[in-house]
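All letters in the sequence shown, in the order written, are residues 259 to 475 by the numbering used here.
Okay, so here's the structure we're looking at.
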Amino acid sequence: MPVFVVSAPSGTGKTTLNRRLLKECPRLEMSVSHTTRAPRAGEVDGVHYHFIEPIQFRTMVEGNAFIEWAEVHGNLYGTSFSELKRIEAGGKDPLLEIDIQGWHNAKSLLDNAISIFVLPPSMASLWQRLEKRGSDPLEIRWVRLQNAYDEIQKAHEYDILIINNDLEEAYSKLKAIILSGTLEGQKNPEGLSLCLRLNEEFESADWIKGLRDKMGS
Numbered sequence: 259m260p261v262f263v264v265s266a267p268s269g270t271g272k273t274t275l276n277r278r279l280l281k282e283c284p285r286l287e288m289s290v291s292h293t294t295r296a297p298r299a300g301e302v303d304g305v306h307y308h309f310i311e312p313i314q315f316r317t318m319v320e321g322n323a324f325i326e327w328a329e330v331h332g333n334l335y336g337t338s339f340s341e342l343k344r345i346e347a348g349g350k351d352p353l354l355e356i357d358i359q360g361w362h363n364a365k366s367l368l369d370n371a372i373s374i375f376v377l378p379p380s381m382a383s384l385w386q387r388l389e390k391r392g393s394d395p396l397e398i399r400w401v402r403l404q405n406a407y408d409e410i411q412k413a414h415e416y417d418i419l420i421i422n423n424d425l426e427e428a429y430s431k432l433k434a435i436i437l438s439g440t441l442e443g444q445k446n447p448e449g450l451s452l453c454l455r456l457n458e459e460f461e462s463a464d465w466i467k468g469l470r471d472k473m474g475s
């Protein structure tokens with residue numbers, strides 16, 4: 259059975275895409291990660307995450323219970339071996355929504371994984387999406403944009419790159435990959451060239467320079 263890994267910078271639409279996949283592809287089941295962060299409104303333990311204390315998380319790390327784990331924005335997140343075994347025992351394919359740090363740590367342990375990275379069409383469009391959320395202050399949005407830049411520089415580590423310029427088109431491509439369960443004919447050479455353009459935009463665009471001056475970085 260394949261394991262599907264979907265990663266993307268914050269604000270690129272991976273959660274929206276994955277939720278739709280889970281509704282329309284009954285063979286998939288989302289892997290529930292462990293985390294040390296506090297539950298958000300509406301989140302249920304064991305459904306959205308396994309919420310645990312930092313000392314419990316560290317004990318699991320020391321016991322090699324995780325396929326991958328990472329610290330993101332000051333919180334710990336990890337995917338356990340037992341979670342994937344549970345999903346596969348039920349006859350389903352695991353879907354992992356993890357960041358690039360997590361995938362970097364997990365890929366040597368998942369020989370059957372198909373990894374997908376979702377790209378924004380531009381850094382400007384990503385910034386607009388982060389602004390539309392309205393939930394984060396400017397400082398946090400800037401950190402997320404900086405993190406996106408770092409992540410995009412490593413996107414070549416993934417099997418397939420999908421550009422989310424149009425949500426329906428991006429979803430159709432993602433679903434086709436899931437249904438085929440193979441990498442054959444799924445490569446997207448345009449993704450690598452877009453990564454170069456995104457990096458160049460972050461490094462030299464005037465609006466980025468203005469933000470950098472405002473943030474003092």
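Note that CB positions come from ideal geometry on N, CA and C, so glycine has one too.
Keep in mind the model is a prediction, meaning the values are calculated, not measured.
DSSP links residue 371 through a beta bridge to 261. With distances taken between CA atoms, residue 355 lies nearest to 274 out of 466, 274 and 395.
The closest CA to that of residue 358, considering only 329, 347 and 352, is found on 329.
Distance from the Cα of residue 447 is smallest, within the candidate group 461, 390, 342 and 416, for 416. Within the same chain, no residue comes within 6 Å of residue 380 by CB-CB distance, once the 5 residues on both sides are set aside. Runs of alpha helix (DSSP H) with 4 or more residues, each lying fully within the segment 314-383, are found at 339-347 and 358-364, listed in chain order. Sequence-distant Cβ neighbours of residue 452 in its own chain, meaning closer than 7 Å and more than five residues away, are 377 and 421. Between residue 318 and residue 292 a beta carbon distance of about 7 Å is seen, short of the 8 Å cut, so the two are scored as contacting.
Within 10 angstroms of the beta-carbon of residue 265 lie 16 or more other beta-carbons, which makes it buried. The beta carbon of residue 473 lies closer than 6 Å to those of 400 in the same chain, with the five residues before and after it left out.
Annotation for residue 366: no residue places its beta carbon closer than 8 Å to its own, counting only its chain and skipping 5 residues before and after.
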